[in-house]
Amino acid sequence: MHTLRCLFFCLLFLGLSPLTQAQDFGSAIGLRFGYPLSVSYKNYLNRTDALEVYAGFRSFDNYGWFSINAAYQRHNDIAEVYGLQWYYGGGAGIQFWNYDLVDESSVTLGLSGYLGLQYTFVDAPVTLSLDWVPTVFVGRKYGSGVNTFGAGYGALAARYVLFR
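For the sequence shown, position 103 (counting from the first letter as 1) is numbered 103 according to the working numbering, and the numbering increases by one without interruption.
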């Protein structure tokens, strides 16, 4: 319910701000509302290239995991919509698994691709992004083999611009 409320306010804010601009900030911090819910920090190296790092936690009935991820992303303007960009990139992460039923833990490494959209507001220090992050996991999780693939990863992110 909290995620839906946040999405509603983000979309409302998007509709109330008709003037936007392409990426014009140095760094931003915020949340990735995805799998897992994460704290995100994005820093631009130049006009098109950015590094994003994020850490998050996901919990289920009998197990949970904490992950730390980093990604290199290349941004490109979409000329038809001022302030909108699409991006692609790659990254890696590490996941720390904890299983309550068997009192066991494990570690996996994730190799990820990124494909997304980012919108930056001109009149407010806010940027929104939506991405798809297919990931290959290397390592052993309880109850699964050595390597697995996750196609359902990604997030809606809302970040506060720290430096323009």
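Don't be surprised by glycine CBs; every beta carbon is placed ideally from N, CA and C.
Does DSSP classify residue i as helix, strand or coil?
i	result
residue 61	coil
residue 96	strand
residue 56	strand
residue 80	coil
residue 70	strand
Going by C-alpha distance, which of the options is nearest residue i?
i	options	result
residue 52	140, 139, 92, 126	92
residue 70	114, 103, 140	114
residue 40	54, 96, 105, 152	54
Could you spell out the range, first to last residue, of the beta strand (DSSP E) harbouring residue i?
i	result
residue 135	135-139
residue 122	First-last for residue 122: undefined, no H or E at that position.
Whole angstroms are fine: how far does the CA of residue j sit from the CA of residue i?
i	j	result
residue 73	residue 111	14 Å
residue 196	residue 139	Outside the shown range of the chain (1 to 164) lies residue 196, about which nothing can therefore be said.
residue 63	residue 119	35 Å
residue 84	residue 108	34 Å
residue 161	residue 37	19 Å
residue 77	residue 29	21 Å
If you count every other CB in all the chains shown that lies within 10 Å of the CB of residue i, and 16 or more means buried, which is it?
i	result
residue 61	exposed
residue 133	buried
residue 34	buried
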